DNA sequence: TTTATTTACGGAAACGTTTTCGAAAAAAAC
DNA sequence: GTTTTTTTCGAAAACGTTTCCGTAAATAAA
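Residue numbers (the working numbering), protein chains in the order written: chain U, 2 to 343; chain L, 2 to 343.
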């Protein structure tokens, strides 16, 4: 028995049915001015009827437009990135674009191979937040060479001339530290993600400046880099608190380190906020229901995703490179809760 | 000045450089048995040297393989789906596949148009968790007609003959309810996501069965459907608790409803767990640090994503349809914490 | 040595679009 | 009534792969 070929309707079939040429049908569907209004109508009608869906690979090949952007982020199990994805997807949908998602898991190697693939023309543009393990941005140079528009958000690659959507990290770091000091802290530890990430550096600069402004010493021993392993982070923080019992404030530059701090304090029996006050960069939806409720610096993650996507699409639609001057800096907000309370 | 054409290296250019034909170069790169070992080596060497990256749209068009799967989920700002994405991405990468992500935001209409597009051949297969607003699965029929492999995970579409990766929802619903009853609850409310979702139904069946088994009445007034708006959910729960003060247990079938329950109890000054005990399906990483720590039914989200992807890739690689018999049911685990404590 | 088979490659068609070029018919200008 | 312009469409060439088919040389079988 001859299995029905199940021929997906394409332009050829559509043209035959309509007694028109392929080119006419194509133009009609693309609303070309060269096609008579009634013909357009007839074509669209038939296309609808036969459930025609253009082959994205054929049109991508011919038109050199993939209608797709790449979203490269370290992880997804993180409220900041989840919200950012939401914003990106929103704008992508509005522009009739598709979103390819890639997770680096903070690995430089993964990031490099992903970028390598994306430079091959699979996407019309890229949004990314660089991996903490990436020592520099040299692996992103091929993108620039390939003319693939790129916009950074939150975690930027230094030395790449393109737009970046960030938050006021220095100011936020300053404000967070100052808040701890104002609440009575005299010895504040700073937990950072990675040495190489610029946002960690900027937040730390704010931290240092705030300490200095309030006449407190900036002790290098108070600065603890985190790892990818939560248990290990908890252990490090615990050791820190044990070795330096005078520590009465913790400034976590990233969400997971705040959780580890809670764990460490719980294990050591240190009361929060009475003995140790904790503040963290975080977009946790449940921050208000933690025990105690966590004071956070909340980044406008959703808006950052939207903004970054908007900048990218402006470049794509105008067929222009993304310029550093199009960068945007959004403001984080300090949400005071009991973890830094009196 | 003549701007350098910046010709991306393709097979043609590669063939010219090597004094070989296009077909030979293509076959060499694809490790065809027809090509001599030393030629392969020479070709690959040159490809590496010129940074050749095959055009995905050309090869997708010709080979009818997109090397891409579609992931269709309701939202991403949800720990369950975040973890599932992680699992999916892991397997996709292992199979050298790309992942297109689509968010339905629980909208049936969005879901339908997404599916419509995906049926056009953009992806080799689809993983999805259906939107709560989808009344039935009729919009998924086109996929089956188009022969696009589909695997459901967690939220399934009834009536579609394909594999599904779920958890033991009935048993979990039963266990959760029984746990509340054993902890002394006599009047347990059930908060569900949506009327149409099968998982909500199954969990509710377990809930009903457990009540009956323990000689408790199943009052329809105890069953409250949620909405997409968190504040509205909180209000409804608050009204429920006010109108029926005898309620001493809440079973939330989804994470956000647990948060709303916390909010409602806090607003009403009801103590958890003394006056009201709360249990919830949830994958919150911070469940243990909530106030009070939340007793959860934790689904193996990461594993579900992995499993669903594995089933899909088996079908794709063997070029066979996905069969319902390949479905898998994983087990959720009850994690008892203080929100249901004595 | 002659014939059959295998090895290693090239030519060209095909995938389904978009787009360039051309051209007939209709409308407008003269 | 002729010429010019506009309107509307068709033929065919791309886009960069994969793959079918053919074929020369090299090897094996006779």
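A virtual CB, placed ideally from N, CA and C, is assigned to each residue, including glycine. Everything numeric in this text was worked out from a predicted model, so none of it was measured.
Check                                                                                                                      : Outcome
Uninterrupted alpha helix (DSSP H) stretches inside the region 283-331 of chain L (no shorter than 4 residues)             : 302-319
Rounded Cβ spacing between residue 69(L) and residue 111(L) (contact assumed at less than 8 Å)                             : Contact flag wrong, Cβ pair sits at about 20 Å.
The ligand FAD heavy atom lying under 7 Å from the CB of residue 70(L)                                                     : Ligands are entirely absent from the displayed structure, and the ligand FAD is therefore not among its contents.
Residue 280(L) (DSSP reduced to helix, strand or coil)                                                                     : strand
Whole beta strand (DSSP E) elements within the region 96-127 of chain L, 3-residue minimum                                 : 99-104
Residue environment, residue 274(U), which counts as buried when at least 16 other CB atoms sit within 10 Å                : buried
Chain-ordered residues of the region 293-323 of chain L with a beta carbon less than 8 Å from chain U                      : 293, 294
Chain U residues whose Cβ lies nearer than 7 Å to that of residue 290(L)                                                   : 260, 263, 291, 292
Alpha carbon of residue 4(L) to alpha carbon of residue 47(L), nearest angstrom                                            : Reliability of the predicted coordinates at residue 4(L) is poor, the pLDDT of 33 falling under 50, and the value obtained from them is presented with this limitation in mind. Whole-angstrom Cα-Cα distance: 25 Å.
Segment limits, alpha helix (DSSP H) that includes residue 52(L)                                                           : Residue 52(L) -> no alpha helix (DSSP H), and no H or E assigned at all.
Where the region 74-85 of chain L meets chain U: residues whose CB sits under 9 Å from a CB there                          : 76, 77, 78, 79, 80, 82, 83, 84
Residue 319(U) to residue 312(U) span [Cα, whole Å]                                                                        : 11 Å
Segment contact, 8 Å Cβ cut-off, at least three pairs: the region 168-178 of chain L with the region 203-210 of chain L    : yes
Under the three-state DSSP convention, the category residue 225(U) falls into                                              : strand
Own chain residues within Cβ distance below 6 Å of residue 334(L), not counting five before or after                       : 299
Span of the alpha helix (DSSP H) around residue 191(U)                                                                     : Residue 191(U) -> not in any alpha helix (DSSP H); beta strand (DSSP E) instead, spanning 189-193.
Runs of alpha helix (DSSP H) wholly within the region 242-278 of chain L (minimum 4 residues, chain order)                 : 256-269
Sequence-distant residues of its chain with Cβ nearer than 7 Å to residue 9(L) (five each side left out)                   : none
Residue 153(U) - partner residues in DSSP beta bridges                                                                     : 129(U), 165(U)
Residue 71(L) vs residue 101(L) beta-carbon contact at 8 Å                                                                 : yes
Sheet register partners of residue 335(L) (DSSP bridge)                                                                    : 298(L)
Minimum C-alpha distance to residue 263(L) - residue among 310(L), 187(L), 231(L)                                          : 231(L)
Contact set for residue 43(L): own chain, Cβ-Cβ below 7 Å, skip 5 residues either direction                                : 19
Close-in-space but distant-in-sequence residues of the same chain around residue 315(U) (CB under 6 Å, 5 per side omitted) : none
Cβ contact check for the region 130-141 of chain L and the region 92-109 of chain L: 3 or more pairs under 8 Å             : yes
With 16 other Cβ atoms within 10 Å as the buried cut-off, status of residue 32(U)                                          : exposed
Collapsed DSSP secondary structure at residue 10(U) in the structure displayed                                             : coil
Simplified DSSP assignment, three categories, for residue 69(U)                                                            : strand
Own chain residues within Cβ distance below 6 Å of residue 336(L), not counting five before or after                       : 297, 299
According to DSSP, residues forming a beta bridge with residue 74(L)                                                       : 104(L)
Proximity test, Cβ basis, 8 Å: residue 57(U) and chain L                                                                   : yes
Spatial distance of residue 149(L) from residue 119(L) (CA atoms)                                                          : 9 Å
Chain L contacts from the region 115-126 of chain U (Cβ-Cβ distance under 8 Å)                                             : 117, 118, 120, 121, 122, 123
Residues near residue 87(U) in its chain [Cβ-Cβ closer than 7 Å; skip 5 each side]                                         : 303, 306
Proximity to residue 116(U) [Cα-Cα], best of 138(L), 29(L), 54(L)                                                          : 54(L)
Sequence-distant residues of the same chain with beta carbon closer than 6 Å to residue 2(U), five excluded per side       : Reliability fails at residue 2(U), whose pLDDT of 31 lies under 50, so the model's placement of it is uncertain and no value is given.
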